[in-house]
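Quick note: the sequence shown uses the numbering used here, first residue 6, plus one each step.
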Amino acid sequence: MNLDLRTVNVTRYITPLREGGSLPALVEADDDFKYVLKFRGAGHGVKALIAEFLGGQIARFLGLPVPELVFANLDEAFGRTEGDEEIQDLLKFSQGLNLGLHFLSGALTYDAAANDCEATLASKIVWLDAFIINVDRTFKNTNLLLWKKELWLIDHGASFYFHHSWINWQATAKTPFALIKDHVLLPKASKLEEVHQEFTSKLNDTLLREIVNQIPEDWLLWEGDVGSPSEIKEVYFQFLSLRLKHAELFLKQAQDARKTII
């Protein structure tokens, strides 16, 4: 399948979407579509964009429902007339390449108490989040939307949390990921073993390297002694490769955690 992303140019800032450090916004681009824009100048900067990108691309390859991702250019002149000083600063520090997710107009937030999710899809989402160590798909913040009667995955920016310290990534790659116990869909994920067999047969080093190599060089010019863009990409690839080789660890953790809640 083609995993290449389109590139669009942001033409209009419409509105911020929620409070918080990241301040994603609804924008319009030169293809006349609306996107939820994740800004490089926000909270965790380009690392959150990388996590969003990697998580979304892996989910897409595995056939999970995620909104289309696009690279989104923000022009230097964009936002100069913005009246809100905080938003103006955000736009100024986000000049260049950002990441957009196709806006699902009219979508509703998934509520575990009111909405269902069939076992296979729930198991696929739990497995994915354990693989990419996504800490942010809980009952308090599901990061799941219902759109046109289908469940959609959004917001993988809290995945790959090892990159915020950039130490002991080998150990993190082999962790069972105990926080999977808080996953909103874990009670419904009764098909983990079947999903594990399917996903570990689909994923491989060639595919993982292809996805990692798509990370824009512009997002890899980090401060500090962390290495060149190619060296940083190699760490992300090695992390994913190791995690896949030790997938039985997080599978068992999720299965054991299910036993305590059902």
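Idealized CB from N, CA, C, for every residue including glycine. Note that this is a predicted model, so its numbers are computed, not measured.
Considering just the uninterrupted stretch of the alpha helix (DSSP H) at residue 218, what are its terminal residues?
210-218
Between residue 22 and residue 204, what straight-line distance do the alpha-carbon atoms span, to the nearest angstrom?
33 Å
Closer than 6 Å by C-beta to residue 112: which residues in its own chain qualify, once you throw out the five before and the five after it? Chain order, please.
150, 152
In whole angstroms, give me the CA-to-CA distance for residue 62 and residue 216.
7 Å
What residue ranges within the region 127-179 form continuous beta strand (DSSP E) runs of no fewer than 3 residues, ordered along the chain?
149-152, 155-158
Reducing DSSP to helix, strand and coil, say where residue 194 ends up.
coil
Figure out for me which residue from 72, 200, 78 has the closest Cα to the Cα of residue 135.
200
So residue 231 is in the alpha helix (DSSP H); what residue range does that whole segment cover?
Element bounds for residue 231: n/a, residue is neither H nor E.
Among 192, 64, 79, the one whose alpha carbon lies nearest that of residue 72:
64
Would you please state the rounded distance, in angstroms, between the beta carbons of residue 109 and residue 157? I believe it to be under 8 Å.
6 Å
Does the structure place the region 176-183 close enough to the region 113-125 that three or more beta carbon pairs sit under 8 Å?
no
Between the CA atoms of residue 253 and residue 118 - distance to the nearest angstrom:
30 Å
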